[in-house]
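Notes follow once the structure below has been shown.
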Amino acid sequence: MSRLDLKTQWSAIQKHFTRSFSSSFHVSIASINSEGLPVNTPVGSPFLNREHSGFYFEKYPATLPENAELNPDICILAVNSGTIFWLRLLFKNKFDLYPGVKLYGKLGRVCEPTEAESKRLNRRMRATRLLRGNRTLWGEMNAVREIDFQGAELIDLGDMTHHLELDHQT
14 MSRLDLKTQW
24 SAIQKHFTRS
34 FSSSFHVSIA
44 SINSEGLPVN
54 TPVGSPFLNR
64 EHSGFYFEKY
74 PATLPENAEL
84 NPDICILAVN
94 SGTIFWLRLL
104 FKNKFDLYPG
114 VKLYGKLGRV
124 CEPTEAESKR
134 LNRRMRATRL
144 LRGNRTLWGE
154 MNAVREIDFQ
164 GAELIDLGDM
174 THHLELDHQT
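To get the working numbering, take the position in the sequence shown, counting from 1, and add 13.
Right under this line is the structure:
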């Protein structure tokens with residue numbers, strides 16, 4: 014297990030998160046349900062802030078809000094699933110960048126998005142703003158849930174990742 018220091022590694026974590034989200038347009042958020050079982054929820058609107066926190070727009074996740082009421086602990090898995098990224102790894106027999114990061118945190122309150130949060134969502138969805146599906150999926154996004162992060166760890170794939178250091182990735 015490769016634990017990360019959020020204070021010194023946050024910028025690198027944010028870069029990885031951006032690359033991972035760009036390759037698959039979602040992250041997986043694991044929570045615990047009322048039966049004590051883990052539940053994964055794909056979320057397409059997560060954002061990381063500057064100070065070890067983040068948020069997502071809570072329009073579609075159905076079980077995540079229910080689980081947060083019982084246990085606010087979550088784990089976000091951000092994996093770079095880009096085809097070129099993985100083909101390069103298979104050809105070179107080693108990763109150039111870490112393939113994934115897990116972020117551990119607690120879900121916070123639900124509130125109306127600030128103007129800045131709404132602008133971040135609109136900027137992310139700008140390329141599809143003229144398409145009908147954009148309005149259907151991302152119109153009326155009027156609730157965000159805060160996330161406070163307490164830890165992070167790298168996805169370790171043995172010899173293929175041991176030579177890497179997260180803080181030197183660009």
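Built from N, CA and C at the ideal position, the CB exists for glycine as well.
Just so it is clear, the structure is predicted and the values come from calculations on it, not from any experiment.
| Item | Value |
| --- | --- |
| Under 8 Å between C-beta atoms of Phe184 and Tyr69 | The requested residue 184 does not occur in the structure, where the chain is confined to residues 14 to 183. |
| Leu170 to Phe104 span [Cα, whole Å] | 16 Å |
| Cβ neighbours of Leu77 in the same chain (closer than 7 Å, five flanking residues each side left out) | Ile42, Ser44 and Thr54 |
| Whole-Å CB distance - Arg158 paired with Val123, under 8 Å assumed | 5 Å |
| Top-ranked residue by Cα proximity to Val40, from Arg16, Glu64, Ser94 and Glu82 | Ser94 |
| Phe162 - partner residues in DSSP beta bridges | Gly118 |
| Helix, strand or coil at Thr21 according to DSSP, with G and I counted as helix | helix |
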